[in-house]
Amino acid sequence: TYIVTDNCIMCKYTDCVEVCPVDCFYEGENTLVIHPDECIDCGVCEPECPADAIRPDTEPEMEPWVEMNRKYAEQWPVITRKKDPMPGHEEMDGVPGKLEKYFS
Ligand code: SF4
Ligand code: F3S
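Under UniProt numbering, think of the first position of the sequence shown as 2, with each following residue one higher.
If you want it as structure tokens, here you go:
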């Protein structure tokens with residue numbers, strides 16, 4: 002599976018949702034997540050993210066991210082259409098500590 006990691010937070014470019022063939026992105030206030038059980042591992046979303054926030058779970062230490070993506074995907078509404086990124090997305094791209102401060 003692929004998952005959304007912390008650099009999506011406060012950027013939320015949403016280019017990813019347009020290309021997903023199975024519509025498995027879910028939207029919180031400040032970030033998106035992927036439902037890991039719905040993702041078919043096609044990989045097309047990964048290069049679409051300007052924030053480089055989408056990672057495959059084959060990378061090291063991804064299990065906590067998989068669990069977090071699953072947990073919130075089950076609570077948040079699906080998103081299938083691109084929308085404007087968040088205000089301040091350019092300044093927030095790459096800022097450390099986003100998970101602790103802004104995850105929602
Ligand atoms: Fe959707 Fe494919 Fe990305 Fe999985 S890897 S979230 S199926 S676009
Ligand atoms: Fe987030 Fe990247 Fe999608 S910033 S909304 S994972 S395009």
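C-beta atoms are modelled at their ideal positions from N, C-alpha and C, and glycine is treated no differently.
Excluding sequence positions up to five away, which residues of its chain have a Cβ less than 7 Å from the Cβ of residue i?
| i | result |
| --- | --- |
| C21 | C46 |
| A52 | N8, C9, C12, Y14 and D94 |
Look up residue i in the DSSP assignment and give the residues it is bridged to.
| i | result |
| --- | --- |
| F26 | I35 |
| V5 | I55 |
| V79 | Y27 |
Take residue i and list the residues in its own chain whose beta-carbon comes closer than 6 Å to its own, dropping the five residues that flank it on each side.
| i | result |
| --- | --- |
| W77 | Y27, E28 and G29 |
| Y103 | I10, M11 and N31 |
| S105 | G29, E30 and N31 |
| A54 | V5, T6, N8 and C9 |
| H90 | C12 |
What do you reckon, are the CB atoms on residue i and residue j nearer than 8 Å?
| i | j | result |
| --- | --- | --- |
| I41 | V5 | no |
| E19 | K83 | yes |
| P86 | V67 | no |
If I'm right that residue i touches residue j with Cβ under 8 Å, what's the distance once you round it to whole angstroms?
| i | j | result |
| --- | --- | --- |
| C17 | E49 | 5 Å |
Closer than 8 Å by C-beta to residue i: which residues in its own chain qualify, once you throw out the five before and the five after it? Chain order, please.
| i | result |
| --- | --- |
| G44 | Y3 and P57 |
| L33 | V5, C9, K13, T15, C17, V18, F26, Y27 and I80 |
| Y73 | Y27, G29 and V34 |
| E64 | D58 |
Any residues whose CB sits closer than 7 Å to a heavy atom of the ligand SF4? List them in chain order?
T2, Y3, C17, V20, C21, P22, V23, C25, F26, I35, C40, I41, D42, C43, G44, V45, C46, E47 and I55
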